[in-house]
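In this note's numbering, the protein residues as written are 368 to 557.
Just so you know, even glycine gets a beta-carbon here, dropped at the ideal spot from N, CA and C.
Have a look at the structure below before the remarks.
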Amino acid sequence: MKLDKNGSIHLIIGPMFAGKSSHLIKTISSFRAIKIPLFIVKHCLDIRYNSEKIASHNQVLEDCNVVNKLIPLLENEDYKSSKVIIIDEAQFFKDLVIFVKYACDIDKKNIIVYGLNADYNRHPFQNIAEVQALSDDVKILKAYCCYCMDSTIANFSLRLDSSKEQIMVGTDDVYKPVCRKHYLEYNVFF
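Following this line, the structure appears as structure tokens:
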């Protein structure tokens with residue numbers, strides 16, 4: 368990914384278990400190798416593997432700022448001195464859109480936003496949809512269906528319990544990546 372002196376927005380989305388955190392950690396490593404100043408943030412709701420760090424499903428850890436709001440970070444000295452802002456679990460941030468607009472358009476930051484492509488009902492997260500409209504590029508990561516077990520692409524996150532809340536933090540005890548066939552098989556809509 369080439370950095371732009373005028374700022375840029377890059378959105379990386381996908382279902383649960385699509386490798387978003389692994390992609391994020393690889394991105395961090397690549398920028399650190401060439402000494403690019405980074406500011407990394409995740410939402411405080413994400414306590415699945417480590418409440419203080421970004422963690423991939425295979426337990427690779429990265430330091431980050433853990434917050435529930437992004438706007439106050441605009442005054443942070445580490446934010447101000449960074450060239451790249453990396454946001455994990457972006458769907459949880461209510462102030463995501465205004466922060467991304469300001470950080471890119473005013474502060475000329477290059478922003479990489481990671482989040483879910485949709486909730487367990489296949490409804491978009493409004494803030495992710497709005498960031499998509501602002502993005503220079505969008506990358507959709509895919510998982511493999513955990514029921515097909517034959518490399519069938521999984522575009523959806525199946526929730527395993529009956530909770531109806533849009534946001535429910537969990538790992539493979541709560542969610543599974545599934546293809547369309549298995550999503551429909553385990554959900555009744557009509």
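Assignment of Val464 by DSSP, reduced to helix, strand and coil, places it in the helix class.
Assignment of Ile438 by DSSP, reduced to helix, strand and coil, places it in the helix class. Secondary structure note for Phe459: it is in no beta strand (DSSP E), with a DSSP letter that is neither H nor E. For Asp371, DSSP records no beta bridge to any residue. Per the DSSP secondary-structure output, His377 pairs in a beta bridge with Ile479 and Asp504. The C-beta separation of Asn477 from Lys450 comes to about 6 Å, placing the pair in contact by the 8 Å criterion. By the beta-carbon neighbour count (other beta carbons within 10 angstroms, threshold 16), Gln426 is exposed. Listed as beta-bridge partners of Phe398 by DSSP are no residues whatsoever. The shortest CA-to-CA distance from Asp455 to any of Ala500, Ser389, Asn554 and Ser518 is the one to Ser389.
Contact between the segment 426-444 and the segment 461-471 is present: three or more C-beta pairs spanning the two stretches fall below 8 Å.
Tyr469 sits in a helix when the DSSP states are folded into three classes. Sequence-distant partners of Leu501 (beyond 5 residues in either direction) whose C-beta falls short of 6 Å from its own C-beta, in its chain, are Ile376. Between the beta-carbon of Tyr542 and that of Met368 there is about 28 Å, and that puts the pair past the 8 Å contact cut.
Shortest Cα-Cα distance from Asn488 to any of Cys431, Cys411 and Leu527 involves Leu527. Under the three-state reduction of DSSP, Tyr550 is assigned to helix.
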